[in-house]
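In UniProt numbering, the protein residues as written are 1 to 245.
In this text, a Cβ means the ideal position worked out from N, Cα and C, and glycines have one as well.
Everything below concerns the one structure shown next.
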C-alpha cells in the first residue's frame, strides 16, 4: 500500500445511496484524491452492503466523473455461513481482494477508502479491520453523527434522495419513490418514536438512491414501477438516464 495517506489514490466504497454518496462528497470537499469508486453487487440480502439498484451506480459514477470498479456476486460466495458474523467476514473478502488488485494497478497505490456507515459496528468494524490489514486509511465522516443532523446537512448541500426500498413497520407502499425531504424526515422521526425506525434507515428499514447533488454533473432521471410484497417493497427501475445539467 501507499506509504502514508497523503500519497496514492482514495477509493470510495459506493452504492449510489445517500450514505456512501455523502462520504464521497465530504472526501471531495476535503480534496482527498478519489481515483475510483467501488461498488459491490451482492446477490440477495447482505449484511455488509446496500442491495437495491446498485446497477445504477454506473450511471451515477458517470455523473460524478470518477471511474467505477464493479465487484459482482459471482466473484464470491457467502452462502453456507453458520451465522451473520461469518457471512459478514466472507462478504468482506471480495472487497479486500478488489482493493488489493487496485493497489497494484494504480500509480502510487491506494491511500485510503471512504465508507458511509453511521452506527453499524457490524459493518464498520469489518471495514476498519480490512483497512488495517491493507495498511490504508479509513474516512468515515458519518460515523456516530446524529442521524437527523446528517440528513439535514445532506438536504442543505443539495442532495436529491429517492427511497427505492422499504422493509419496516410503519413504512408502506406510499414511501416507494418518495423524495427524502424535510417533511419525510419529520414523519420518520415520528415513526422512530412509534416503531423504532432509524431516521437514516441504518437498520435496513429503507434504502435510497441519490439522483442529484453538488458532486454530480447531471441528475439521474428514472422511470419505475413499485412492487409491494405485503410488508416490504421496492422500485423496479424500467429506465434510467442522465438528464440535462
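Rounded to the nearest angstrom, what separates residue i and residue j at their Cα positions?
i           : j           : result
residue 194 : residue 166 : 17 Å
residue 228 : residue 220 : 23 Å
residue 236 : residue 226 : 6 Å
residue 28  : residue 174 : 34 Å
residue 238 : residue 25  : 28 Å
residue 4   : residue 176 : Residue placement at residue 4 is poorly supported in this model, since its pLDDT is 40, which falls under 50; the coordinates still yield a value, given next. Residue 4 and residue 176: Cα-Cα distance of roughly 43 Å.
residue 58  : residue 215 : 15 Å
residue 95  : residue 116 : 15 Å
residue 40  : residue 15  : 8 Å
residue 56  : residue 36  : 16 Å
residue 13  : residue 38  : 5 Å
residue 7   : residue 31  : 13 Å
residue 196 : residue 232 : 16 Å
residue 60  : residue 160 : 13 Å
residue 2   : residue 89  : Legend: pLDDT at residue 2 = 37, less than 50; position of this residue unreliable, no value from coordinates given.
residue 65  : residue 54  : 17 Å
residue 127 : residue 178 : 31 Å
residue 190 : residue 172 : 14 Å
residue 240 : residue 109 : 34 Å
residue 105 : residue 192 : 45 Å
residue 122 : residue 156 : 29 Å
residue 132 : residue 17  : 25 Å
Are the CB atoms of residue i and residue j nearer to each other than 9 Å?
i           : j           : result
residue 142 : residue 113 : no
residue 130 : residue 22  : no
residue 148 : residue 185 : yes
residue 34  : residue 69  : no
residue 63  : residue 242 : yes
residue 107 : residue 158 : no
residue 183 : residue 136 : no
residue 245 : residue 207 : no
Out of the options, which one is the CA nearest neighbour of residue i?
i           : options               : result
residue 230 : 214, 244, 208 and 170 : 170
residue 71  : 97, 64, 89 and 111    : 97
residue 124 : 92, 11 and 32         : 92
residue 120 : 19, 233 and 244       : 19
residue 210 : 151, 140, 190 and 127 : 151
residue 146 : 17, 42, 172 and 198   : 198
residue 202 : 144, 66 and 126       : 144
residue 67  : 156, 234, 9 and 140   : 9
residue 164 : 132, 190 and 234      : 234
Rounded to whole angstroms, how far is the Cβ of residue i from the Cβ of residue j, which I believe are closer than 8 Å?
i           : j           : result
residue 168 : residue 223 : About 26 Å; that fails the 8 Å criterion.
residue 111 : residue 134 : Between residue 134 and residue 111 the Cβ distance is about 11 Å, and since that is not below 8 Å, they are no contact.
residue 200 : residue 118 : 6 Å
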